[in-house]
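In terms of numbering that gives the first Met the number 0, the sequence shown opens at residue 0 and continues consecutively.
Heads up, the beta-carbon is just placed ideally off N, CA and C, and yes, glycines get one too.
Being a predicted model, the structure only gives us computed values, none of them experimental.
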Amino acid sequence: MEGMTVGPKPLQKDAHYIASMFNAIAPRYDILNRLFSAGFDRRWRARAIAELELSGQETLVDLCTGTGDLALAAIRSRRSGARHVVGIDFASAMLHLGAQKIQRCASSSSVHLMRGDVSCIPLSDESADVVTIGFGIRNVSDSKLVCAEIRRVLRSGGRLAILEFSMPSTAIFRGLYRWYFTHFLPRLGRLVSRHSEAYSYLPASVQSFLTPAALSALLVESGFTNVRTIPLTCGVVYLHLATRA
């Protein structure tokens with residue numbers, strides 16, 4: 000499919016490599032998220048949960064859950080949160096930090112974290128009402144396989160929400176953002192996290208991932224309907240919404 004990427008260089012996306020990278024930066028992951036996004040990451044997650052219009056009865060599966068921010072947002076929704084949330088990630092250090100945060104939450108009994116690979120989701124067919132994935136799908140080696148796995152675990156009519164970074168559509172803002180993303184962010188990330196690769200990988204992974212239009216096309220191809228995208232913060236992030244046919 001032409002136009003599938005916005006950057007020319009393929010990245011190392013071996014599951015063990017990605018997991019080890021996230022394990023290494025786990026202790027400072029949340030702090031750097033707040034810093035690099037100027038706090039907007041919380042708004043992005045809240046918007047994703049709001050768009051799902053949860054009734055309070057759903058089983059929600061949060062893939063690439065990391066330290067559990069999106070899983071917790073699903074429970075803490077100002078409207079009705081999900082009844083039960085399962086967070087899945089393959090980085091054990093991230094899950095450990097997520098478990099600590101969840102223990103401090105009043106609804107901790109409603110959230111269960113487990114180690115697993117999104118390319119082979121460790122859940123039975125049609126076991127989820129909702130699937131979310133925040134800033135994780137660009138890190139997998141086979142997006143098509145992951146979309147098929149998401150469809151497998153969703154019940155008929157189940158809903159999907161994907162948050163992912165993109166490049167802004169406005170030329171001037173795109174230029175500023177590219178400078179920030181490729182020069183400032185990696186240097187500060189290396190300084191704070193003391194990891195030489197992770198924050199160089201981040202901008203490269205965004206620039207080499209599917210465009211929003213291409214990801215929408217992949218969702219349709221994978222058997223999803225009602226596919227729509229919502230640009231957030233001038234297109235820095237896109238929220239992708241879809242329904243399992």
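Report task. Return the bridge partner residues of Tyr237 from the DSSP annotation. Result -> Residue numbering aside, residue 237 sits at position 238 when the sequence shown is read from its first letter. Tyr237 pairs with Glu163 and Pro230.
Report task. Would you list the one or two residues that DSSP bridges to Leu59? Result -> Here residue 59 corresponds to residue number 60 of the sequence shown, with the count starting at 1. Leu59 pairs with Val84 and Val129.
Query raised in the report: I think Leu122 touches Gly80, with their Cβ atoms under 8 angstroms apart; what is that distance to the nearest whole Å?
Result: Position 123 of the sequence shown, counted from the first residue, corresponds to residue 122. Position 81 of the sequence shown, counted from the first residue, corresponds to residue 80. Taking C-beta atoms under 8 angstroms as the contact rule, Leu122 and Gly80 fail to qualify, at a distance of about 20 angstroms.
Query raised in the report: Do Leu201 and Gly188 have their CB atoms nearer than 9 angstroms?
Result: Counting from 1 along the sequence shown, the entry for residue 201 is found at position 202. Counting from 1 along the sequence shown, the entry for residue 188 is found at position 189. Cβ atoms of Leu201 and Gly188: closer than 9 angstroms.
Query raised in the report: In chain order, what residues of the same chain have a beta carbon less than 7 angstroms from the beta carbon of Ser215, not counting five sequence neighbours either side?
Result: Taking the first residue of the sequence shown as 1, we reach residue 215 at position 216. Correct list, in chain order: Val226, Thr228 and His239.
Query raised in the report: Unbroken beta strand (DSSP E) runs of length 3 or more, entirely within the region 11 to 66: which are they?
Result: Fully enclosed beta strand (DSSP E) runs of 3 or longer: 58 to 62.
Query raised in the report: Is Phe89 helix, strand or coil when you go by DSSP?
Result: Residue 89 sits at position 90 when you count from the first residue of the sequence shown. Here Phe89 sits in coil by DSSP.
Query raised in the report: alpha helix (DSSP H) containing Arg250: first to last residue?
Result: The chain is shown from 0 up to 244; residue 250 falls before or after that span and cannot be answered.
Query raised in the report: Helix, strand or coil: which one does DSSP assign to Ser155?
Result: As a first step, residue 155 is located in the sequence shown; it is residue number 156 there, counting from the start. It is a strand residue.
Requested in this report: Reducing DSSP to helix, strand and coil, say where Phe208 ends up.
Outcome: Locating residue 208 in the sequence shown gives position 209, counting from the first residue. Shown here, Phe208 sits in coil according to DSSP, grouped into three states, outside any helix or strand.
**Report entry** Span of the alpha helix (DSSP H) around Ala74
**Finding:** One-based indexing of the sequence shown puts residue 74 at position 75. Correcting the residue type first, residue 74 is Ile in the shown sequence and not Ala. Secondary structure note for Ile74: its alpha helix (DSSP H) is the uninterrupted segment Asp68 to Arg75.
Query raised in the report: Among residues of its own chain, excluding the 5 on either side of Met113, which ones have a beta-carbon nearer than 6 angstroms to its beta-carbon?
Result: Residue mapping note: residue 113 aligns to position 114 of the sequence shown, counting from 1. Counting only Cβ-Cβ distances below 6 angstroms, and skipping sequence neighbours, we find Ile87.
Report task. Could you spell out the range, first to last residue, of the alpha helix (DSSP H) harbouring Phe183? Result -> Along the sequence shown, read from residue 1 onward, the residue named residue 183 stands at position 184. Neither: Phe183 is in no alpha helix (DSSP H) and is coded neither H nor E.
**Report entry** C-beta atoms of Gly234 and Ser126 nearer than 9 angstroms
**Finding:** In the sequence shown, counting from the first residue as 1, residue 234 sits at position 235. In the sequence shown, counting from the first residue as 1, residue 126 sits at position 127. Not in contact: Gly234 and Ser126 (Cβ atoms no closer than 9 angstroms).
**Report entry** Sufficient close CB pairs (3 or more, under 8 angstroms) joining the region 18 to 31 to the region 84 to 103
**Finding:** Yes, the region 18 to 31 is in contact with the region 84 to 103.
Query - Cβ neighbour criterion (16 or more within 10 Å) applied to Ile17 - result: On the sequence shown, position 18 is the one that residue 17 refers to. Of the residues assessed, Ile17 falls on the buried side of the cut-off, its CB having 16 or more other CB atoms within 10 angstroms.
Query raised in the report: So, is Ser221 buried or exposed, given that buried needs 16 or more other C-beta atoms within 10 angstroms?
Result: Here residue 221 refers to the residue found at position 222 when the sequence shown is read from its first residue. Its Cβ being crowded by 16 or more others within 10 Å, Ser221 is buried.
Query raised in the report: From Val205, Thr232 and Ala241, pick the residue whose C-alpha is nearest to that of Val219; which is it?
Result: Taking the first residue of the sequence shown as position 1, residue 219 is located at position 220. It is Ala241.
Report task. Using the Cα positions of Gly133 and Thr64, report the straight-line distance between them to the nearest angstrom. Result -> Within the sequence shown, the letter at position 134 stands for residue 133. Within the sequence shown, the letter at position 65 stands for residue 64. Each residue's alpha carbon lies about 7 angstroms from the other.
Query raised in the report: Helix or strand or just coil, what does DSSP make of Phe223?
Result: The count along the sequence shown starts at 1 and reaches residue 223 at position 224. If DSSP states are grouped into helix, strand and coil, Phe223 belongs with the strands.
Requested in this report: Could you have a look at Arg173 and say whether DSSP puts it in helix, strand or coil?
Outcome: Locating residue 173 in the sequence shown gives position 174, counting from the first residue. It is helical.
Query raised in the report: Going by beta carbon distance, what residues of the same chain come within less than 7 angstroms of Ala72, once the five residues before and after it are set aside?
Result: As a working mapping, residue 72 is identified with position 73 in the sequence shown. So the list reads Arg44, Ala45 and Ile48, once near-sequence residues are dropped.
Report task. Below 7 angstroms CB to CB, which residues in the same chain sit around Thr66 once its five sequence neighbours on both sides are set aside? Result -> Translated into the one-based positions of the sequence shown, residue 66 becomes position 67. Correct list, in chain order: Tyr28, Asp29, Met93, Leu96, Gly97 and Lys100.
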